[in-house]
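Per our numbering: the sequence shown = residues 30 to 368.
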Amino acid sequence: MEKEIRRIGVLTSGGDAPGMNAAVRAVVRTAISKDIQCVGIRRGWSGLINSDFTLMSGSEVSHILSRGGTILYTARSEEFMTLEGQQKAVSTCKLLGLDAIVAIGGDGTFRGALAISRLGVPVVGIPATIDNDIGCSNYTIGFDSACNTCIQSIDKLRDTMQSHERCSVVEVMGRDAGFLALYVGISVGATAVLIPERKPDFERDVVRPIQNARLTGNTHFMIVVAEGAGKAFHIGKQIKEELGLDARVTVLGHIQRGGAPSARDREMASRMGYAAVMALNEGRCNCVIGTREGALVETPIEEALAMKKSIQMERYEVLEALQNRLPRYSPLNPAPAGK
Ligand code: F6P
């Protein structure tokens, strides 16, 4: 990048995530440490179209590290996906003297970043979504906090399901991905987890795990469903009809998007915010910050958008193995010869 960076914009876009404020804070503070001015763009990309901004001093970002949500608000902007909207945004950047933008969000945010970078505005993206479904990064800000919220909620549900000897069916977010559901499922010892990456089969994925658990005397059951794999209400109804179990359904919904960010999210957001500004300060842009085996890496935006993250199915095997309470073979069911 030829032009020296003197002033940058920072925005949050898409579904909010705990840790976004920590990332905004890190961007502002790192910029100031490099004598770069920082302008907060409100409401995602639409803030550029509507000139909705505020100058960010160091004190503006005091006491936000531990707060969920985003002080810059967020929104999904249809107008920004049009060339006219993007051109309006570029003229705002020129008007404000913005040399670059740091965009914090998910894949929709990075599609906007690619578009505006093609019109000459340098951008660096920071992955922040509770879905953890960004291909260029092992981890996205907000995922750990959302997992902890789900785990605390499901632990509470387990108490009452145990008392009433019921089956709980819990629907978690994740859009089209099952990272949240599988990670949470293992962490709460779910009887079964349904994820979109493994086409659900009611008999294999619900009936059999419940029957196995019943074999060892379990009288309450916990089914975790990723929203992309089905509707918890439908699965609860099927359990009642086909297994005669008293099922209760909980859709955790947007509680997963709130709450104070966890230590992991605060630390990751701080490092990613710092890395984004340092990339710009050292002349690199049009990339997305990500983690690979614990190190921070920069991936060109177009390449990042083409990357897909597949779920580690061995985690599914862990879940199933840890559900086993009976030895596979017993005097009544002897192992075949040679086993
Ligand atoms: O992408 C984050 C996410 O929370 C998804 O898990 C969920 O499906 C979606 O956003 C909900 O979007 P909204 O907040 O617009 O209802």
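Don't be surprised by glycine CBs; every beta carbon is placed ideally from N, CA and C. All values reported here derive from a predicted model rather than from experimental measurement.
- Item | Cβ-heavy atom distance, residue 160 to the ligand F6P, below 6 Å | Taking the first residue of the sequence shown as position 1, residue 160 is located at position 131. Yes.
- Message: the ligand F6P and residue 203: does the residue's C-beta get closer than 6 Å to at least one heavy atom of that ligand?
- Response: Here residue 203 corresponds to residue number 174 of the sequence shown, with the count starting at 1. Checking every heavy atom of the ligand F6P against the Cβ of residue 203, one is found closer than 6 Å.
- Query: So, residue 78 versus residue 54, is the Cβ gap smaller than 7 Å?
  - Reply: Working through the sequence shown from its first residue, we reach residue 78 at position 49. Working through the sequence shown from its first residue, we reach residue 54 at position 25. Annotated as distal: residue 78 and residue 54, with beta-carbon spacing of 7 Å or more.
- Message: I need the boundaries of the alpha helix (DSSP H) containing residue 214, first residue and last residue.
- Response: Taking the sequence shown and counting its residues from 1, one reaches residue 214 at position 185. Note, residue 214: alpha helix (DSSP H), 208 to 217.
- Query: With DSSP run on the structure shown, which of helix, strand or coil describes residue 273?
  - Reply: Mapped onto the sequence shown, residue 273 falls at position 244. Coil at residue 273, not helix or strand.
- Query: Around the Cβ of residue 86, are there at least 16 other Cβ atoms within 10 angstroms (buried) or fewer (exposed)?
  - Reply: Taking the first residue of the sequence shown as 1, we reach residue 86 at position 57. Residue 86 is exposed by the Cβ-count criterion.
- C-alpha distance - residue 140 paired with residue 148, whole-angstrom precision: If you number the sequence shown from 1, residue 140 lands on position 111. If you number the sequence shown from 1, residue 148 lands on position 119. Distance between the alpha carbons of residue 140 and residue 148: 13 Å.
- Query: Which runs of the beta strand (DSSP E), 3 residues or longer, sit entirely within the stretch 320 to 352?
  - Reply: Entirely contained in the stretch 320 to 352, the beta strand (DSSP E) runs reaching 3 residues are, in chain order, 324 to 329.
- Could you tell me if the beta carbon of residue 44 falls within a distance shorter than 6 Å of some heavy atom in the ligand F6P? Position 15 of the sequence shown, counted from the start, is the residue given in the question as residue 44. Between the ligand F6P and the CB of residue 44, the shortest heavy atom gap is smaller than 6 Å.
- Message: I need the boundaries of the alpha helix (DSSP H) containing residue 114, first residue and last residue.
- Response: Indexing the sequence shown from 1 puts residue 114 at position 85. Where residue 114 is concerned, the enclosing alpha helix (DSSP H) stretches over 112 to 125.
- Query: Exposed or buried, residue 214, counting other C-beta atoms within 10 Å across all chains shown (16 or more means buried)?
  - Reply: Your numbering for residue 214 matches position 185 in the sequence shown. Burial call: buried.
- Task: Following the continuous alpha helix (DSSP H) through residue 139, name the residue where it begins and the one where it ends.
- Result: To locate residue 139, count along the sequence shown from 1; it is residue 110. Taken as a continuous stretch (DSSP letters only), the alpha helix (DSSP H) holding residue 139 covers 136 to 147.
- Select from 301, 309, 175 the residue whose C-alpha is nearest the C-alpha of residue 323. Locating residue 323 in the sequence shown gives position 294, where the first residue counts as 1. Out of 301, 309, 175, 301 has the C-alpha closest to the C-alpha of residue 323.
- Spatial distance of residue 165 from residue 272 (CA atoms): The residue you call residue 165 lines up with position 136 of the sequence shown. The residue you call residue 272 lines up with position 243 of the sequence shown. So the two alpha carbons sit approximately 42 Å from each other.
- Item | Per DSSP, the bridge partner or partners of residue 200 | Residue numbering aside, residue 200 sits at position 171 when the sequence shown is read from its first letter. Per DSSP, 254, 280.
- Message: How far does the beta strand (DSSP E) with residue 66 in it extend, from its first residue to its last?
- Response: Within the sequence shown, numbered from 1, the residue matching residue 66 stands at position 37. If you look at residue 66, you'll find it in the beta strand (DSSP E) that goes 66 to 70.
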